[in-house]
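**Student:**
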Amino acid sequence: MNPLLREAAASVQLGWVLGAMTVVFLAVFLGWVFWAYRPKHRAMMEEIGRMPFMDGGDA
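Using our numbering, read the sequence shown as starting at 2 and increasing by one per residue.
#1: Look at the Cβ atom of His-42, then the Cβ atom of Trp-33, and state whether they are nearer than 8 angstroms.
#2: Check Gly-57 in the structure and name its three-state DSSP category.
#3: Please state the DSSP three-state secondary structure of Leu-27.
#4: The alpha helix (DSSP H) with Pro-40 in it runs from where to where?
This is the structure we're talking about:
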């Protein structure tokens, strides 16, 4: 069998793994976004958003 065809056949057989990983990563991302935008985390996220502008010194 042609090595190129053998590799193509192997990649098709494992294609469902890539699909499952995509679904898992999408679910994790959506969960993370849901967690971040919950009202009880608002103050923490605003503080974290201001961190780049804080140099720690009195200017």
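Yeah, the Cβ is synthetic: ideal placement off N, Cα and C, and Gly gets one too.
**Tutor:** Put simply:
#1: In this structure, Trp-33 does not lie closer than 8 angstroms to His-42 by Cβ.
#2: Residue state, collapsed to three classes: coil.
#3: Three-state DSSP puts Leu-27 in a helix.
#4: That residue, Pro-40, is in no alpha helix (DSSP H); it is neither H nor E in DSSP.
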